[in-house]
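In terms of the UniProt record's numbering, the sequence shown is residues 1 to 104. We put the CB at the ideal spot given by N, CA and C, even for glycine. Just so it is clear, the structure is predicted and the values come from calculations on it, not from any experiment.
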Amino acid sequence: MTTNNLPQGEASCPAENILKQLSGKWKPQIYRLALDGPLRFNSLLRQLQGSNKQSVATALKEMEEADILVKTVVQEKPLHIEYTLSERGLAMVSVFKSMEGFLN
């Protein structure tokens, strides 16, 4: 029997860690949409059929905490918030493109 010496909650594999951070009902779709540019909350709600405010807000917050998305308050009229991919989120693109090669 082997023992796991990792701290509670840490994945033993970097790929597993990335996949855990993007797991959830709306996170993969939000990530895909963020590849096209800045996202607004209400726009996301319209694009994610069957979503609700609470689940999307939770997904956005978790993705921001994982440094996948950056939340920016835009000081234009009307005042609004945009979510964009962080440097870390953009770096994940190459990982997914590599994984895509295994599927084809």
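Roughly how many whole angstroms lie between the Cα atoms of residue i and residue j?
i      : j     : result
Leu19  : Leu90 : 15 Å
Glu16  : Val95 : 12 Å
Thr84  : Gln29 : 14 Å
Phe102 : Lys27 : 22 Å
Lys77  : Ala66 : 29 Å
Measuring CB to CB, does residue i end up less than 8 Å from residue j?
i     : j     : result
Val70 : Ser86 : yes
Leu39 : Leu48 : no
Lys59 : Gly24 : Here the sequence assigns Ala to residue 59, which means Lys is not the residue at that position. Yes, the pair counts as a contact, with Cβ atoms nearer than the cut-off.
Glu41 : Ile68 : Per the sequence shown, residue 41 should be read as Phe rather than Glu. Going by C-beta atoms, Phe41 is not nearer than 8 Å to Ile68.
Contact defined as beta carbons within less than 8 Å: I believe residue i pairs with residue j. What is the distance between those atoms, to the nearest angstrom?
i     : j     : result
Tyr31 : Leu45 : With 8 Å as the limit, Tyr31 and Leu45 do not qualify as a contact, their Cβ atoms being about 16 Å apart.
Just list the residues that DSSP pairs residue i with in beta bridges.
i     : result
Thr72 : Glu82
Arg40 : Glu82
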